[in-house]
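*Asks:* Let me begin by handing over the structure; questions about it come next.
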Amino acid sequence: MNLLEVEKLRIWDGHSGNVLVENSTFQLKQGSCLAIVGESGSGKSLTCRAILRLNNNALRQSGEIRFQGVDLSLLDEREMRRRRGKQLYMILQNGMRAFDPTNVIGVHLRETLVHHYDWNASEITEKLKPAMLSVGLQDPIGILNKYPHQLSGGMLQRIMIALAIVLEPDIILADEPTTALDTVSKFEVVEQFIRLRERMGGSMIFVSHELGVVRKLADEVLVMKSGSIVELGTTADLFSNARHEYTRYLMSSQRMLNDRFQQLMGGAGIVGR
Amino acid sequence: MKRLRYLFNNKLAALSLILISATFIVGIFAPWMAPNDPNEVHMELRFASPSWEFLLGNDHLGRCVLSRLIHGIRPSVLWVLAALFVSAGLGTIIGFIAGYRRGRIDSFLMRICDIMLSFPGYVMILAIIGILGVGVENILLAFVLIKWAWFARIVRTSVMGYAELEYVKFSKALGVGNLRIMRTHILPVTLPDIAVASSSAYGSMVLQISGFSFLGLGIQAPHAEWGMMLNEAREVMFSRPEMMLAPGIMTVVFVSAVNFFADAIQVALDPKLRTNSSNRKYQSALVAEKMRRDEVA
Amino acid sequence: MGGYMLRRALVAIPLLIVVSFLTFILNTLSPMDPAEVVLHTQGVPRITDELLTETRAALGMDRPLLTRYWDWLLSCLRLDFGDSYVTGKPVWSLLGPAFVNTLQLTLVSVIAVILLSVALGILCALKEGKLLDKSIRSVSFILTSMPSYLLAALLVLYFSVKLDLLPTNGMDTVGSYILPVAVITISYAGIYFRIIRSSMLSNLNEDYVLFGRACGLPERKITKRILRNSLQMAVSVFCMAIPIILGSTVVVENIFAWPGLGTLSVKAILARDFPIVQAYVLVLAAAFVIVNSFSDMLNAWVNPKLREDR
Chain A
0 MNLLEVEKLR IWDGHSGNVL VENSTFQLKQ GSCLAIVGES GSGKSLTCRA ILRLNNNALR
60 QSGEIRFQGV DLSLLDEREM RRRRGKQLYM ILQNGMRAFD PTNVIGVHLR ETLVHHYDWN
120 ASEITEKLKP AMLSVGLQDP IGILNKYPHQ LSGGMLQRIM IALAIVLEPD IILADEPTTA
180 LDTVSKFEVV EQFIRLRERM GGSMIFVSHE LGVVRKLADE VLVMKSGSIV ELGTTADLFS
240 NARHEYTRYL MSSQRMLNDR FQQLMGGAGI VGR
Chain B
0 MKRLRYLFNN KLAALSLILI SATFIVGIFA PWMAPNDPNE VHMELRFASP SWEFLLGNDH
60 LGRCVLSRLI HGIRPSVLWV LAALFVSAGL GTIIGFIAGY RRGRIDSFLM RICDIMLSFP
120 GYVMILAIIG ILGVGVENIL LAFVLIKWAW FARIVRTSVM GYAELEYVKF SKALGVGNLR
180 IMRTHILPVT LPDIAVASSS AYGSMVLQIS GFSFLGLGIQ APHAEWGMML NEAREVMFSR
240 PEMMLAPGIM TVVFVSAVNF FADAIQVALD PKLRTNSSNR KYQSALVAEK MRRDEVA
Chain C
0 MGGYMLRRAL VAIPLLIVVS FLTFILNTLS PMDPAEVVLH TQGVPRITDE LLTETRAALG
60 MDRPLLTRYW DWLLSCLRLD FGDSYVTGKP VWSLLGPAFV NTLQLTLVSV IAVILLSVAL
120 GILCALKEGK LLDKSIRSVS FILTSMPSYL LAALLVLYFS VKLDLLPTNG MDTVGSYILP
180 VAVITISYAG IYFRIIRSSM LSNLNEDYVL FGRACGLPER KITKRILRNS LQMAVSVFCM
240 AIPIILGSTV VVENIFAWPG LGTLSVKAIL ARDFPIVQAY VLVLAAAFVI VNSFSDMLNA
300 WVNPKLREDR
């Protein structure tokens with residue numbers, strides 16, 4: 000059964016009229032992970048945000064986005080907001096910027112949880128603690144009282160994952176969650192994503208340009224190029240015999256980088272770029 | 000080039016540039032441009048209305064307002080520009096040394112800058128006039144003494160932002176001489192920052208010097224200067240408020256043009272600053288640096 | 000936190016010493032001999048060399064520079080800045096009250112500047128690109144390009160002469176604050192509200208806003224965060240504004256005959272009354288350094304990130 004169906008999604012700039020995403024149609028099956036790959040500027044993130052209706056005001060979108068059979072584009076803002084976070088949760092690329100720099104991390108987590116559930120402060124802490132420990136964050140209480148700039152990018156990324164564990168959304172949309180990280184944190188965060196999937200059995204849309212990560216995580220892959228879908232298929236299929244020239248090009252350039260990287264690192268590259 | 004084209008596509012910015020250049024040219028050729036002798040007194044023509052001979056009328060001594068306005072460009076606009084160039088040049092050299100060499104030279108130079116900047120601009124100017132006496136040249140000297148430190152700070156921040164970039168490190172690793180790296184790699188990219196800083200400082204400097212002349216601390220009679228003309232007009236403000244019009248409008252229009260142009264330069268440079276993420280931090284530092292000295296008169 | 004405060008305070012002390020030394024040697028840089036000036040202002044008919052040496056000794060000018068500096072500094076700390084050349088009165092008896100008056104004017108103006116620019120900044124950011132935003136920005140653009148004395152003259156012409164509402168000079172009543180404060184506020188708020196506006200707008204595009212929305216937080220909470228973040232930036236800006244405004248009330252004070260430091264110093268300069276000029280420079284520079292340190296501390300207190308960056 001399809002949990003999310005995107006049909007003829009079109010995104011364009013309201014001022015200049017430039018079309019950024021054209022005629023994009025795809026489905027997300029219950030419990031599966033769909034990766035969206037492509038170079039930067041190919042419209043991956045825009046698609047992701049369009050599902051949550053969170054693109055910049057200057058951008059317009061049309062088409063149908065059906066989530067559990069309901070067309071999200073027809074919902075009013077309040078209904079939409081109720082679904083954001085609790086049902087559709089987004090993990091951003093740069094943890095460093097995703098949290099309000101003037102508040103400690105705990106403020107955001109608590110505000111979000113209070114908004115969606117009727118929990119009191121101690122209940123929230125009880126829920127957050129195991130979630131944070133499970134993503135490898137020791138001393139959860141200490142971390143909740145830290146400002147974003149006092150934590151590393153990898154830790155912030157894992158905090159976002161921990162929040163997902165508590166919120167138990169139906170779909171997690173991860174927008175390049177590993178791009179801003181160094182190799183070691185990247186490895187850890189990818190491990191957390193794999194565990195997250197095992198644990199929650201949830202569905203996921205994973206935006207990335209890192210094919211190595213995608214190969215580990217995704218069931219299906221969608222390749223985008225300058226706003227259009229050029230290929231869509233299962234991960235195994237796509238990696239063994241890509242049909243579209245662009246996909247092959249992406250893979251070969253990735254492989255070259257990867258080989259080069261492995262050469263330099265003496266074969267130590269765990270998750271290739 | 001693209002940025003320059005942007006400036007010309009922006010009509011208001013182009014208009015500002017034309018206005019500024021026109022003022023410069025009229026100022027440089029003032030003796031030939033002015034219809035009359037700016038200091039010639041015609042007591043019989045006191046406060047006369049505009050006539051064919053005196054297009055903007057006459058002041059309280061019957062002097063030609065238009066000619067005084069034109070001659071006033073020199074101290075009000077051109078000399079300030081010269082002071083700006085000197086202080087920007089000095090600041091650039093020192094900022095380059097500090098930002099490129101780093102280490103002890105840097106911290107030494109920055110301490111000096113700290114000291115210079117710990118005198119508020121107006122106080123510094125008043126101190127210098129207080130010692131050396133009243134006069135435009137002393138105010139200009141004060142400008143140079145204050146502003147070089149400010150420019151040095153900005154240039155240093157800018158140079159430091161670029162000296163860390165890969166291609167500069169690469170050139171260093173290749174053994175390219177320091178002077179050459181500065182000239183070919185760093186100077187071209189810091190020039191826009193210097194241009195933005197200078198153009199935004201210029202407007203406030205013009206306002207300041209006219210403010211001091213207005214107080215009687217700047218240019219001395221009978222020489223013409225816009226602030227001075229406004230001061231003379233103030234004495235008859237209640238009976239003949241229209242005397243303030245010509246120098247007032249001239250100052251506002253010119254400073255607006257300068258400020259507008261400065262803004263346009265900044266906007267023209269902005270996309271570059273925004274897309275290059277390595278500049279993010281340094282850009283905010285630059286803004287902070289600018290704010291530290293944003294004074295108005 | 001405490002460490003940063005202490006460090007910031009310690010930086011100010013050597014700065015104060017250097018500033019005071021520079022102020023001290025200002026006098027020696029003067030092309031005129033102070034002894035001569037003193038004799039002139041006292042109306043001595045014939046100045047002989049003998050008389051000059053005598054006066055110099057009386058002024059203590061024959062001793063080494065550093066000793067003189069030390070003595071001078073000690074007496075300055077006791078607020079003894081010597082006597083005015085012109086009136087013969089102790090400098091502090093003139094400077095002290097003037098300093099208080101200037102501080103009052105600055106304080107009221109700074110509050111007005113902050114209120115006006117925060118209000119306008121938020122308003123314009125919320126209405127970005129709309130007519131209101133555009134018109135406020137254009138008007139402020141022209142006003143900031145206007146010399147403050149011209150603005151003052153226009154306000155006086157309208158409010159004092161035409162409407163006969165407000166006093167044009169002095170500081171006798173509350174009403175006499177209105178015009179000078181208005182001039183300062185209009186000049187500076189025009190700069191600062193633009194900073195608040197652009198800081199709010201740049202915050203709107205930050206990832207934390209996106210993430211907050213993606214977590215389903217209500218718009219009210221998001222706006223609160225944007226405000227918090229932009230105001231934090233604003234705090235740094237206003238912290239810098241306080242000493243700047245304190246140092247630049249000269250023109251406004253002179254126009255409205257405000258009995259403050261600006262008026263006093265210009266009079267002293269025109270009369271070549273060095274002790275007053277020197278004390279004025281010292282007092283304002285010291286105030287500038289101190290206010291700057293305080294505003295840096297305030298800033299660090301509000302912006303936790305700053306404390307660690309330095």
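Residue numbers (numbering that gives the first Met the number 0), protein chains in the order written: chain A, 0 to 272; chain B, 0 to 296; chain C, 0 to 309. Every residue gets a Cβ at the ideal spot worked out from N, C-alpha and C, and that includes glycine. What you are looking at is a predicted structure, and each value in this text was computed from that prediction instead of being measured.
(1) Check each residue of the segment 102-129 of chain A: if its Cβ is closer than 8 Å to any Cβ of chain C, include it; give the result in chain order.
(2) Between aspartate 113/B and chain C, is there a C-beta pair that is closer than 8 Å?
(3) Between the segment 213-228 of chain B and chain C, which residues of the former have CB atoms less than 9 Å from a CB of the latter, in chain order?
(4) Compare the C-beta of leucine 216/C against all C-beta atoms of chain A and say whether one is closer than 8 Å.
(5) Say whether chain C places a C-beta atom closer than 8 Å to the C-beta of arginine 152/B.
(6) DSSP on methionine 89/A, reduced to helix/strand/coil?
(7) Answer with buried or exposed for methionine 42/B, where buried requires no fewer than 16 other C-beta atoms within 10 angstroms of its C-beta.
(8) If you run the structure through DSSP and keep just helix, strand and coil, what is alanine 124/C?
(9) So serine 227/A packs on asparagine 22/A, CB below 8 Å; how close in whole Å?
(10) Please name the residue or residues paired with threonine 233/A in a DSSP beta bridge.
(11) Kindly indicate which residue of Ala263/B, Pro246/B, Val254/B, Pro119/B has the alpha-carbon position closest to the one of arginine 67/B.
(12) Where are the alpha helix (DSSP H) runs, 4 residues long or more, that stay fully inside the segment 203-275 of chain C, in chain order?
(13) Grab me the residues of isoleucine 50/A's own chain with a C-beta within less than 6 Å of its C-beta, minus the 5 sequence neighbours each way, in chain order.
(14) In its own chain, which residues sit with a C-beta less than 7 Å from the C-beta of leucine 140/B, not counting the 5 before and 5 after it?
(15) Less than 8 Å between CB atoms is the rule here; does tyrosine 3/C satisfy it with respect to chain A?
(16) Go ahead and pull the three-state DSSP assignment for lysine 7/A.
(17) Counting C-beta neighbours from all protein chains within 10 Å, is the total for phenylalanine 210/C 16 or more, i.e. buried, or is it exposed?
(18) For serine 238/B, which three-state DSSP category applies?
(19) Rounded to the nearest angstrom, how far is the Cβ of leucine 156/C from that of isoleucine 185/C, given a contact under 8 Å?
(20) Can glycine 141/A and glycine 94/A be called in contact, C-beta distance under 8 Å?
(21) Please name the residue, chosen from Val18/A, Thr124/A, Lys85/A, that lies closest to glycine 215/C on a Cα-to-Cα basis.
(22) Locate the alpha helix (DSSP H) running through arginine 59/A, then write down its first and last residues.
(23) Could you name the residues of chain C that lysine 275/A contacts, counting a contact when the two beta carbons are closer than 7 Å?
(24) Mark alanine 120/A as exposed unless 16 or more other C-beta atoms lie within 10 angstroms of its C-beta, in which case mark it buried.
(25) Where does the unbroken beta strand (DSSP E) through alanine 173/A begin, and where does it stop?
(26) Contact criterion: CB-CB distance below 8 Å. Does alanine 284/C meet it with respect to chain B?
(27) Could you check if phenylalanine 300/B is buried or exposed, using at least 16 other CB atoms within 10 Å of its CB as the buried criterion?
(28) Report all residues from its chain with a CB closer than 7 Å to the CB of arginine 196/A; omit the five preceding and five following residues, and keep chain order.
(29) Assign asparagine 57/B to buried or exposed, taking buried as 16 or more other Cβ atoms, counted over all protein chains shown, within 10 Å of its Cβ.
(30) How many whole angstroms separate the CB atoms of valine 69/A and leucine 45/A, which I take to be in contact at a CB cut-off of 8 Å?
(31) Does alanine 97/A have its Cβ less than 8 Å from a Cβ in chain C?
(32) Which residue wins for smallest C-alpha separation from proline 179/C, given the options Ala34/C, Cys75/C, Ile46/C, Ser247/C?
(33) Grouping DSSP H, G and I as helix and E and B as strand, with all else coil, what is lysine 28/A?
(34) What residues match up with methionine 203/A in a beta bridge as DSSP calls it?
(35) Near alanine 223/B, what residues of its chain come up, given a Cβ to Cβ distance below 7 Å and the 5 sequence neighbours on each side ignored?
(36) Which value, in whole angstroms, describes the spacing of the CA atoms of methionine 290/B and glycine 120/B?
*Replies:* A quick look at the data gives this:
(1) Cβ contacts with chain C come from Asn102, His107, Glu110, Thr111, His114, His115.
(2) Residue 113/B sits at position 114 when you count from the first residue of the second sequence. Yes, because at least one Cβ of chain C sits closer than 8 Å to the Cβ of aspartate 113/B.
(3) Against chain C - using a Cβ distance shorter than 9 Å - the residues of the segment 213-228 of chain B are Phe213, Leu214, Gly215, Leu216, Trp225, Gly226.
(4) Here residue 216/C refers to the residue found at position 217 of the third sequence. Put simply, the CB of leucine 216/C is near chain A, with a gap under 8 Å to one of its CB atoms.
(5) Here residue 152/B is taken as the residue at index 153 of the second sequence, counted from 1. False, the Cβ-Cβ gap to chain C never drops below 8 Å.
(6) The residue labelled residue 89/A in the question sits at position 90 within the first sequence. Three-state result, methionine 89/A: strand.
(7) Position 43 of the second sequence, counted from the start, is the residue given in the question as residue 42/B. With fewer than 16 other Cβ atoms within 10 Å, it is exposed.
(8) Along the third sequence, one-based indexing puts residue 124/C at 125. The answer is helix: DSSP assigns alanine 124/C an H, G or I state.
(9) Here residue 227/A corresponds to residue number 228 of the first sequence, with the count starting at 1. Here residue 22/A corresponds to residue number 23 of the first sequence, with the count starting at 1. A Cβ-Cβ separation of about 7 Å places serine 227/A in contact with asparagine 22/A under the 8 Å criterion.
(10) Mapped onto the first sequence, residue 233/A falls at position 234. The partner list for threonine 233/A (beta bridge, DSSP) reads Glu219/A.
(11) Taking the first residue of the second sequence as 1, we reach residue 67/B at position 68. It is Pro246/B whose Cα lies nearest to the Cα of arginine 67/B.
(12) Fully enclosed alpha helix (DSSP H) runs of 4 or longer: 206-213, 218-246, 249-254, 260-269.
(13) Residue numbering aside, residue 50/A sits at position 51 when the first sequence is read from its first letter. The beta carbon of isoleucine 50/A is closer than 6 Å to those of Ile64 in its chain, skipping five residues each way along the sequence.
(14) Against the second sequence, residue 140/B aligns to sequence position 141. In the same chain as leucine 140/B, and ignoring 5 residues on each side of it, the C-beta atoms closer than 7 Å to its own belong to Ile127, in chain order.
(15) Indexing the third sequence from 1 puts residue 3/C at position 4. So, not an interface residue.
(16) The residue you call residue 7/A lines up with position 8 of the first sequence. Shown here, lysine 7/A sits in a strand according to DSSP, grouped into three states.
(17) If you number the third sequence from 1, residue 210/C lands on position 211. Buried, because 16 or more other Cβ atoms sit within 10 Å of the Cβ of phenylalanine 210/C.
(18) As a first step, residue 238/B is located in the second sequence; it is residue number 239 there, counting from the start. Here serine 238/B sits in coil by DSSP.
(19) On the third sequence, residue 156/C is found 157 positions in, with the first residue counted as 1. On the third sequence, residue 185/C is found 186 positions in, with the first residue counted as 1. The Cβ separation is near 15 Å, so there is no contact.
(20) One-based indexing of the first sequence puts residue 141/A at position 142. One-based indexing of the first sequence puts residue 94/A at position 95. Judged by beta-carbon spacing, glycine 94/A lies beyond the 8 Å limit of glycine 141/A, meaning their Cβ atoms are not closer than that value.
(21) In the third sequence, the residue the question calls residue 215/C occupies position 216. Closest in alpha carbon position to glycine 215/C, among Val18/A, Thr124/A, Lys85/A, is Lys85/A.
(22) Reading the first sequence from its first residue, position 60 is the one you call residue 59/A. Counting along the chain, no alpha helix (DSSP H) covers arginine 59/A; the unbroken beta strand (DSSP E) around it starts and ends at 58-66.
(23) Look at the range of chain A in this structure, 0 to 272, and you will see that residue 275/A is not part of it.
(24) Mapped onto the first sequence, residue 120/A falls at position 121. Looking at its Cβ environment, which holds fewer than 16 other Cβ atoms inside 10 Å, alanine 120/A is exposed.
(25) Here residue 173/A refers to the residue found at position 174 when the first sequence is read from its first residue. Boundaries of the beta strand (DSSP E) harbouring alanine 173/A: 170-174, taken from the DSSP string.
(26) Numbered from its first residue, the third sequence carries residue 284/C at position 285. Nearest CB-CB separation between alanine 284/C and chain B: below the 8 Å threshold.
(27) There is no way to answer for residue 300/B, as the model of chain B reaches only from 0 to 296.
(28) If you number the first sequence from 1, residue 196/A lands on position 197. The answer, listed in chain order, is Cys32, Met203.
(29) Residue 57/B sits at position 58 when you count from the first residue of the second sequence. Asparagine 57/B comes out buried.
(30) The sequence position of residue 69/A within the first sequence is 70, counting from 1. The sequence position of residue 45/A within the first sequence is 46, counting from 1. The beta-carbon distance between valine 69/A and leucine 45/A, rounded to whole angstroms, is 22 Å. This is too long to meet the 8 Å contact definition.
(31) Your numbering for residue 97/A matches position 98 in the first sequence. It does; some Cβ of chain C falls within 8 Å.
(32) The residue given as residue 179/C occupies position 180 in the third sequence. That would be Ser247/C, whose Cα lies nearest to the Cα of proline 179/C.
(33) Reading the first sequence from its first residue, position 29 is the one you call residue 28/A. DSSP places lysine 28/A in the strand class (E or B) of the three-state scheme.
(34) Translated into positions along the first sequence, residue 203/A becomes position 204. Note: methionine 203/A sits in a beta bridge opposite Cys32/A, Ile171/A.
(35) In the second sequence, counting from the first residue as 1, residue 223/B sits at position 224. Only Pro37, Arg67, His70, Gly71 meet the Cβ criterion.
(36) Here residue 290/B refers to the residue found at position 291 when the second sequence is read from its first residue. Here residue 120/B refers to the residue found at position 121 when the second sequence is read from its first residue. Residue placement at methionine 290/B cannot be trusted, given a pLDDT of 48 that sits under 50; what the coordinates show is reported in the next sentence. Rounded to whole angstroms, methionine 290/B to glycine 120/B spans 13 Å at the Cα level.
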